[in-house]
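The block underneath contains the structure these notes are about, expressed in structure tokens.
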Amino acid sequence: MKPSICPRCGQPSDEGLCERCLLQSTEIMSCPPQVEITVCSVCGSVSREGHWQAEDVTLEDLINEALHREVRVHADLKKPVLSVDLSSRGDTIYVAEVTVRGLFKGIEAEDSCQVRVKILRHSCDRCSRIAGKYFEGLVQVRGSDRIPEKAELEMAREMALSMADSTFKRGDTFAFIQEIKDVRGGVDIIVGSTTLGRQIAKALQQRFGGRLLESRKLVGCKDGRDVYRTTFLVRLPRLCRGDVIWARGDIWEVVGFDVKRTYLNSLRTGARSTLSDDDAEQAEILGSRDGAKSSVVVARDDKVVEILDPQSFETVAAIRPLHHDPEPGQEVLVLKTDRGYVLLR
Ligand SMILES: [Zn+2]
Ligand SMILES: [Zn+2]
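Residue numbers are given in our numbering: position 286 of the sequence shown equals residue 1333, and the series is strictly consecutive.
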């Protein structure tokens, strides 16, 4: 068998063109003339195949990613390494000098091309809705027979904001808060998605207790579908966490809520108990943990501990708590009530 030679250059070759001539006649990289990248001009979200995604990436990262996706490298080029040299031609146009290096049938090969990169700046679905004052839900925070405390409303506001943030990060695009409005008797939280509204309302009820009423009404029609707007009315209960109350012949601190009950700790024995909604409405409010002051134990006997009145510094008797038994000299938290001095933990 006679050795074959390359028909183009005459060098020895196993079969047909030699590797070098083969490389010369092969396009090892093919580039599109232009790639487009769509980002939100407001929040920087990225549109990928028509879907907006909030991402923490730089424009350069996005361009690199698009080029790696769109530039085709010949399958016979082994260990290909793509490098990109980017130069800006204004705000929305870049020119990318793309170079690929690798091994083509054992020979080092290199090729380069120029790709125009066009940045399209639009407003993403979320930002469009925010700008368009769109909302699906309204969370109304009100009291039942009282105006909610400033601290409660402040906490409601903080909870709503942080839930909107975390729900958005978990993928609910329309989990945004359109507005938080102070209104007579409470606060209105206007939200982009019904789901977020329901989450906030439930969390508020879990935190503060009270009743939750959900109602929705038809507000129109969009793309052939009925559009509803849902109102979540959260009525905060009469009692707040930290309230010190008189009920069933004992003194209690309100320590929490669930949908139906108020949770209590006895300030006399440390026992835990619950109140129904109706009982909670009847309970006598003696004060609140917020009003307690620090004092010091002077002496104690079977029934009472003697403490210093936090204001007058006179020695007075407080109900002796059975579950924690402060020693003389120990600092304690004391609340002066119509039913005597009460020690808090
Ligand atoms: Zn050849
Ligand atoms: Zn956006």
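Built from N, CA and C at the ideal position, the CB exists for glycine as well.
Assigned secondary structure, residue i (DSSP; H/G/I helix, E/B strand, else coil)
{"i": "Lys1350", "result": "coil"}
{"i": "Leu1243", "result": "helix"}
{"i": "Gln1358", "result": "coil"}
{"i": "Thr1020", "result": "Within the shown structure, residues of the chain are numbered from 1048 to 1392, placing residue 1020 beyond reach of any answer."}
{"i": "Ile1177", "result": "helix"}
{"i": "Ser1077", "result": "strand"}
{"i": "Ala1393", "result": "No answer is possible for residue 1393: the residues shown for the chain start at 1048 and end at 1392."}
{"i": "Cys1068", "result": "helix"}
{"i": "Ser1335", "result": "strand"}
{"i": "Ile1292", "result": "strand"}
{"i": "Ser1130", "result": "strand"}
{"i": "Ala1122", "result": "coil"}
{"i": "Leu1109", "result": "helix"}
Burial state of residue i (16 or more Cβ within 10 Å)
{"i": "Pro1284", "result": "buried"}
{"i": "Ala1318", "result": "exposed"}
{"i": "Gly1218", "result": "exposed"}
{"i": "Gly1190", "result": "buried"}
{"i": "Ala1122", "result": "exposed"}
{"i": "Arg1295", "result": "exposed"}
{"i": "Val1301", "result": "buried"}
For residue i, the residue or residues it bridges with in DSSP
{"i": "Cys1056", "result": "Bridge partners of Cys1056: none, in fact."}
{"i": "Val1330", "result": "Note on identity: in this sequence residue 1330 is Ala, with Val being the wrong assignment. The partner list for Ala1330 (beta bridge, DSSP) is empty, contrary to what the question assumes."}
{"i": "Thr1321", "result": "Tyr1310"}
{"i": "Gly1233", "result": "Arg1189, Val1230"}
{"i": "Ser1159", "result": "Thr1146"}
Contact set for residue i: own chain, Cβ-Cβ below 8 Å, skip 5 residues either direction
{"i": "Leu1064", "result": "Cys1053, Pro1054, Arg1055, Ser1072"}
{"i": "Ile1140", "result": "Arg1163, Val1164, Lys1165, Ile1166"}
{"i": "Ile1298", "result": "Val1291, Ile1292, Ser1313, Leu1314, Arg1315, Leu1333, Ile1366, Thr1384, Arg1386, Val1389"}
6 Å Cβ shell around residue i - same chain, five flanking residues per side excluded
{"i": "Val1128", "result": "Arg1148"}
{"i": "Ala1346", "result": "Glu1353, Pro1375"}
{"i": "Gln1058", "result": "Cys1065"}
{"i": "Ala1222", "result": "Ala1211, Thr1214, Phe1215, Ser1240, Leu1243"}
Residue-level contact to chain B via CB, residue i, 8 Å cutoff
{"i": "Thr1384", "result": "Absence of chain B from the displayed structure is noted, only one protein chain being present."}
Own chain, CB closer than 7 Å to residue i, minus 5 neighbours either side, in chain order
{"i": "Thr1316", "result": "Leu1369, His1370"}
{"i": "Arg1367", "result": "Arg1347, Lys1350, Val1351, Val1352"}
{"i": "Cys1068", "result": "Cys1053, Arg1055, Cys1056"}
Pick out every residue whose C-beta is nearer than 7 Å to a heavy atom of ligand 1: which are they, in chain order? Cys1053, Arg1055, Cys1056, Gln1058, Ser1060, Leu1064, Cys1065, Arg1067, Cys1068
Just the residues with CB closer than 5 Å to a heavy atom of ligand 2, in chain order, which are they? Cys1087, Val1089, Cys1090, Ser1092, Cys1171, Cys1174
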